[in-house]
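Okay, so here's the structure we're looking at.
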Amino acid sequence: MQTNIVTCTRACGQCTDDPQPSSRVPDAASEKVRGLCSGALVHMYNVSMFRPRCQYASCIVLRRSGMSNTKSSSVKSRCKTRQLPTYARVNGSSALRQDTLHIVVAGGGLGGLYLAICLMKKGFYVTVIERTAEYRNFGGPIQLASNGMSVLKATSRRLYESVQQNSRPFWGTKSGIKYGYTGDWMFTFDAITEIPKRMELPFAVCIDRSDLQYCLLNEIRSLNLEDSCGQTEIIMDATVTSYHQDSRTGKVRANLEHGTHVEGDVLIGADGIWSTVRSQMFDEQNGRGSKSTASYTGYKLFSSLPLYQTDDFFEIGYCAYIGPDNYFVTCPDRHGRIQWYAFVKSSPESDYVEDSKSFLLQKFERWTPEVRALLAQSENIDISQRDLWDRPPCLRSWSNGRVALLGDSCHATMPNIGQGSGLAFEDAFVLSNLLGEVKHPHDICGALNKYYAQRIWRTATIQGLGRMNSEAIKILTPLLPIKSLIDFVISPFLPLVFIAQFGYCYSFCPEKEAAVTSISSAARMNERHIEECMESWHQ
Ligand SMILES: Cc1cc2nc3c(=O)[nH]c(=O)nc-3n(C[C@H](O)[C@H](O)[C@H](O)COP(=O)(O)OP(=O)(O)OC[C@H]3O[C@@H](n4cnc5c(N)ncnc54)[C@H](O)[C@@H]3O)c2cc1C
20 MQTNIVTCTR ACGQCTDDPQ PSSRVPDAAS EKVRGLCSGA LVHMYNVSMF RPRCQYASCI
80 VLRRSGMSNT KSSSVKSRCK TRQLPTYARV NGSSALRQDT LHIVVAGGGL GGLYLAICLM
140 KKGFYVTVIE RTAEYRNFGG PIQLASNGMS VLKATSRRLY ESVQQNSRPF WGTKSGIKYG
200 YTGDWMFTFD AITEIPKRME LPFAVCIDRS DLQYCLLNEI RSLNLEDSCG QTEIIMDATV
260 TSYHQDSRTG KVRANLEHGT HVEGDVLIGA DGIWSTVRSQ MFDEQNGRGS KSTASYTGYK
320 LFSSLPLYQT DDFFEIGYCA YIGPDNYFVT CPDRHGRIQW YAFVKSSPES DYVEDSKSFL
380 LQKFERWTPE VRALLAQSEN IDISQRDLWD RPPCLRSWSN GRVALLGDSC HATMPNIGQG
440 SGLAFEDAFV LSNLLGEVKH PHDICGALNK YYAQRIWRTA TIQGLGRMNS EAIKILTPLL
500 PIKSLIDFVI SPFLPLVFIA QFGYCYSFCP EKEAAVTSIS SAARMNERHI EECMESWHQ
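For the sequence shown, the numbering used here gives the first residue as 20, with consecutive numbering after it.
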């Protein structure tokens, strides 16, 4: 029997697991979770089968693929206990349809989950289809910049506060670039804090990807309980393989592996850099290789997150060490850990490095002890590696009929600019507002086109800036031996470049925050952060 796991985040009042981030533990192996969402598709399911850390699920139900296609009708039947807002009510007019607009989202990553929240706020019914079988504690910290925080705050104060409670602030820290060999500062910039303070924006934070995912899933679960909102169902372990638009009915069908499908009024491809929805929309090869439309950045990325105490742990926001060929980025995280990324110049599709610790210790042999100590502190098993790809700006429309793209699927950005998730959140914010204005189903395509038109220039500019930073490092590194050139010509000039960059990135700000409020909440977050780190170091 083939199965699809459905992780239902509808809080049906009878599910008991409500774990906290960072203290999430798998349920007891023998524990059974009863599917409680009514209807024939719900069965008893032994949680231990998939070793799930099913921390986010209100309940987990098993769907037999032989039983039914995953049609919107069957999906809706499980929600019959709640009155969904009608399409007419959502839009405040007597619309033609009597049911809620059903939006299917391919990909339940950061962009897809946040989009679900925005759409629920507009009263829509959402189905998120996620390829992975479970949300795991995986992925180190990411920078959620002020624009991303501002968007979160504008959507839900509860979500915004929960993100703050699970992150550490950049406020009061120093970030910048150091010489890789000596560890001396080349220059520092305080734009991360200063610009938001001046523009009255929420401060940027550093949050573990899994904690951010937890916050988004928890918000979905809370919204599912509110009568004034739409509903979201998340289907796990389901891969979108293609889509089909039916011009007669106006419906879009997302075809899944194993021959099942989900049908809705709109399909959004939030399925990441290797998007299936994108490859069909643009009729292009999906994946790496010479025909790929993604571009290899020239670096293989190694990373790890060891527990490590340094004298300046609480003073550093993030720090990039640059040297010939390679660069190395560190970012102190919660619970006394430091995330490091080693960007090592390499050719595309280079071999997997078996003993990555020795490889890196050799690559960074002449580098400052600050870098080497972190490498020494990390174990092979904890070091991950991947080829780093991004995409050039895509000027072709990201919408086609009732299908559109969002996040990395249309504008994958170099991580060095710390904007990928912020941009995906902005997309979701704009897209949901435009769909919320739709008064007639015929207007959907127009709304999707408008979404592309509103987003293309900003996302293309930030993609360009990310690439420019990366290329600048490549140009800068051969000049490193000429220290006086760097110190007197380049270093004074670079902070201005960063002020301009941050200023532009942070300029999308639907919700402001008074500096005094930002500072006091950042101070509270810092206090908690220090306590957590001390506790971890002294355990
Ligand atoms: C090393 C690194 C560091 C980064 N640091 C930062 C940072 O500091 N700040 C920042 O803002 N951004 C950062 N980013 C970028 C950020 O992670 C992405 O921009 C962001 O996650 C994009 O969200 P997304 O939803 O578009 O894609 P993703 O988060 O990648 O989600 C895509 C989802 O779709 C699912 N999926 C894929 N294919 C299918 C399919 N066919 N069917 C169903 N599901 C599918 C995947 O399993 C995944 O869950 C970093 C990225 C990297 C690689």
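Ideal placement from N, C-alpha and C gives every residue a C-beta, glycine not left out.
Use the C-beta contact count for residue i: other C-beta atoms within 10 angstroms, 16 or more gives buried, fewer gives exposed.
i    : result
R410 : buried
A289 : buried
G465 : exposed
P511 : exposed
H459 : exposed
S323 : buried
Y337 : buried
V508 : exposed
E238 : buried
Y371 : exposed
S489 : buried
Q520 : buried
P500 : exposed
A533 : exposed
G522 : exposed
E252 : buried
E153 : buried
M255 : buried
A257 : buried
A235 : Here residue 235 turns out to be Leu, not Ala, going by the sequence shown. Buried, since its Cβ has 16 or more Cβ neighbours within 10 Å.
N110 : Note on N110: pLDDT 33, under 50, position unreliable in the model; no value is reported.
Q250 : buried
Q438 : buried
According to DSSP, is residue i helix, strand or coil?
i    : result
Y327 : coil
L144 : Checking the sequence shown, residue 144 turns out to be Tyr, not Leu. If DSSP states are grouped into helix, strand and coil, Y144 belongs with the strands.
K270 : coil
P434 : helix
K95  : In this predicted model, K95 has a pLDDT of only 35, less than 50, meaning its place in the structure is not dependable enough to derive any value.
I509 : helix
P160 : strand
W204 : strand
D302 : coil
V390 : helix
D427 : helix
L220 : coil
D446 : helix
P215 : helix
H548 : helix
Y133 : helix
G127 : coil
S555 : helix
What's the gap between the Cα of residue i and the Cα of residue j?
i    : j    : result
A361 : E282 : 43 Å
L163 : E180 : 13 Å
A395 : T349 : 14 Å
Q482 : P434 : 10 Å
D330 : F222 : 24 Å
V457 : F448 : 15 Å
L134 : T192 : 31 Å
S366 : Y346 : 16 Å
V145 : N305 : 26 Å
V363 : P343 : 10 Å
D406 : S375 : 14 Å
K140 : S266 : 28 Å
V390 : A443 : 32 Å
L504 : Y327 : 34 Å
C528 : C429 : 22 Å
L231 : V182 : 7 Å
R176 : W556 : 33 Å
W476 : N419 : 18 Å
I161 : F189 : 12 Å
Going by DSSP, what residues sit across from residue i in a beta bridge?
i    : result
E282 : R272
I122 : V145 and V285
C338 : G195 and T349
A210 : For A210, which the question treats as bridged, DSSP gives no partner whatsoever.
Y318 : K364
R356 : L326
Relative to ligand 2, is the shortest distance from any of its heavy atoms to the C-beta of residue i smaller than 7 Å?
i    : result
S526 : Absence of ligand 2 from the depicted structure is noted, with ligand 1 being the only ligands included.
Length at least 3, wholly inside the segment 394-423: the beta strand (DSSP E) runs in chain order: Annotation note: the segment 394-423 contains the following uninterrupted beta strand (DSSP E) runs of length 3 or greater, listed N- to C-terminal: 403-409.
Entirely enclosed alpha helix (DSSP H) segments - the segment 164-192, minimum 4 residues: Complete alpha helix (DSSP H) runs here, min 4: 165-174 and 176-184.
Can you list, in chain order, the stretches of the alpha helix (DSSP H) that have 4 or more residues and sit fully within the segment 224-276? Qualifying alpha helix (DSSP H) stretches, in chain order: 228-243.
Please list the segments of the alpha helix (DSSP H) lying wholly inside the segment 450-534, counting only runs of 4 or more residues, in order along the chain. Qualifying alpha helix (DSSP H) stretches, in chain order: 463-495 and 513-524.
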